[in-house]
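A.B. asks: Each position in the first sequence, counted from 1, maps to that position plus 1161 in my numbering.
Using N, Cα and C, we set each Cβ at its ideal position, and we do this for glycine too.
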Amino acid sequence: MNYWLMKSEPDTFSIDDLKQRPKSTEHWDGVRNYQARNFMRDEMKKGDLVLFYHSSCKVPGVAGIAKIVKEAYPDHTAFDKNSNYYDPKSSEENPRWFMVDVKFEKKFKKVVTLKELKTFEELKEMKLLQKGSRLSIMPVTKEEFDFIQGLS
DNA sequence: GCCAACGTTGGC
DNA sequence: GCCAACGTTGGC
């Protein structure tokens, strides 16, 4: 089983939004970065756990936990001309972008903030904290996952 | 294949 | 709103 961190802008889609979806499940569309796509398409497995990270907001940080409930399949928003995520280079015959389904697992009582994360020696190696790291989907180790959950 | 120009991310 | 860092595009 693998562990991940997935970023979302809470003004657009927060952990509360995820919880409120039917079956507390939503497809993770709009990923348009090859590295993030490859993680999703090639390595994410059903049952993997996800740190749900709030980015580009007042208090960035890990807001809770979600779970992968469906493995990668073509991201249909890439086919939709009216979508912000439309990509003419992706077709149904040869899809370029993929998404997974993610289910709400739990919300932390308080957000484990980015500021806080930066203070721990144990998390020094985290991809999230590396300079210039901007990936919206990245792997975390079991140790990092457990440690962060322990902070909540 | 190089690289300049441009676009995006995301913390601050 | 600024800007550093990184990704993508496209001319050559």
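By the 10 Å Cβ neighbour count, where 16 or more other Cβ atoms means buried, how is Thr1173 classified, buried or exposed?
C.D. replies: On the first sequence, position 12 is the one that residue 1173 refers to. When all chains shown are included, Thr1173 counts as exposed.
A.B. asks: Tell me whether Glu1187 sits in a helix, a strand or coil according to DSSP, three-state version.
C.D. replies: Position 26 of the first sequence, counted from the first residue, corresponds to residue 1187. The answer is strand: DSSP assigns Glu1187 an E or B state.
A.B. asks: Which partner residues of Ile1226 appear in the DSSP bridge assignment?
C.D. replies: Residue mapping note: residue 1226 aligns to position 65 of the first sequence, counting from 1. Answer is Leu1212 and Lys1267, bridged to Ile1226.
A.B. asks: Tell me which residue opens and which closes the beta strand (DSSP E) that Tyr1318 is part of.
C.D. replies: This structure gives no information on residue 1318, because the portion of the chain shown stretches from 1162 to 1313.
A.B. asks: Tell me which residue opens and which closes the alpha helix (DSSP H) that Leu1275 is part of.
C.D. replies: Within the first sequence, residue 1275 is the residue found at index 114, counting from 1. Per DSSP, Leu1275 belongs to the alpha helix (DSSP H) from Leu1275 to Leu1278.
A.B. asks: So, helix, strand or coil for Leu1289, using DSSP?
C.D. replies: Residue numbering aside, residue 1289 sits at position 128 when the first sequence is read from its first letter. Three-state DSSP puts Leu1289 in a helix.
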